[in-house]
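S.K.: Mind having a look at this structure? Questions to follow.
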Amino acid sequence: MSLTTIYRCLNCLDHAVTRSFDTSHLSRTCPNCDSFERFVNQAVIDRFEALEASPPAEFDWNRLERREKLLVAERLARTDATLADVTVTETERPAGSDGETGNGESAEAGADGSTEARERAGDSTEPEP
-8 MSLTTIYRCL
2 NCLDHAVTRS
12 FDTSHLSRTC
22 PNCDSFERFV
32 NQAVIDRFEA
42 LEASPPAEFD
52 WNRLERREKL
62 LVAERLARTD
72 ATLADVTVTE
82 TERPAGSDGE
92 TGNGESAEAG
102 ADGSTEARER
112 AGDSTEPEP
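And the structure:
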């Protein structure tokens, strides 16, 4: 019996494809929404939806952008990382950067599969000292 994995369109989440290999995502044109998009592993989508339904108390989940939440969900679903491996570091973001005002957080992943969520200051991904 061969392994099959389901991947969902990240744009519409309606269209799914099945492949005989397991990877984090595929890039292809979605026949449903007609966008060239990432199709994300169903395990990542499931973990993302679970985190959305019950946000982690360890940090302010709702302040992360969707892409950053998906990165955290991917690390939790596809590695041995746990929420204890996720940290949030706050830095000031200049008003108007990336179309937002105030602070914004981002998720970063280490080479060992650990994930770090931190705020970006301008274009820098390094936290302030």
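Residues in the sequence shown are numbered from -8 upward in steps of one, following the numbering used here. Glycine included, every Cβ here is placed at the ideal spot set by N, Cα and C.
#1: For the pair the region 47 to 57 and the region 16 to 27, tell me if three or more CB-CB distances fall below 8 Å.
#2: Beta-carbon within less than 6 Å of D89's beta-carbon, same chain only, minus the 5 sequence neighbours each way: which residues are those?
#3: Rounded to whole angstroms, what is the Cα-Cα separation between P46 and L67?
#4: Only counting runs of 3 or more residues, tell me where the beta strand (DSSP E) segments fall wholly within the region 8 to 89, in order along the chain.
#5: What is the DSSP secondary structure of G93, reduced to helix, strand or coil?
#6: Within the same chain, show all residues whose beta-carbon is closer than 7 Å to that of I(-3), passing over the 5 residues directly before and after it, in chain order.
#7: Looking at the unbroken beta strand (DSSP E) that takes in T(-4), where does it start and where does it end?
#8: Quick one, which of F27, F12 and S11 has its alpha-carbon nearest N2's?
#9: Among R57, R29, L(-6) and S11, which residue has its Cα nearest to the Cα of D5?
M.R.: For this structure:
#1: no
#2: With a pLDDT of only 47 at D89, under the threshold of 50, the placement of this residue in the model should not be trusted; the figure read from the coordinates follows. Same-chain partners within the cutoff: there are none.
#3: 14 Å
#4: 16 to 20 and 27 to 32
#5: Confidence at G93 is low in this model, with a pLDDT of 42, below 50, so its placement is unreliable and no value can be given for it.
#6: A7, T9 and Q33
#7: T(-4) to C0
#8: F27
#9: R29
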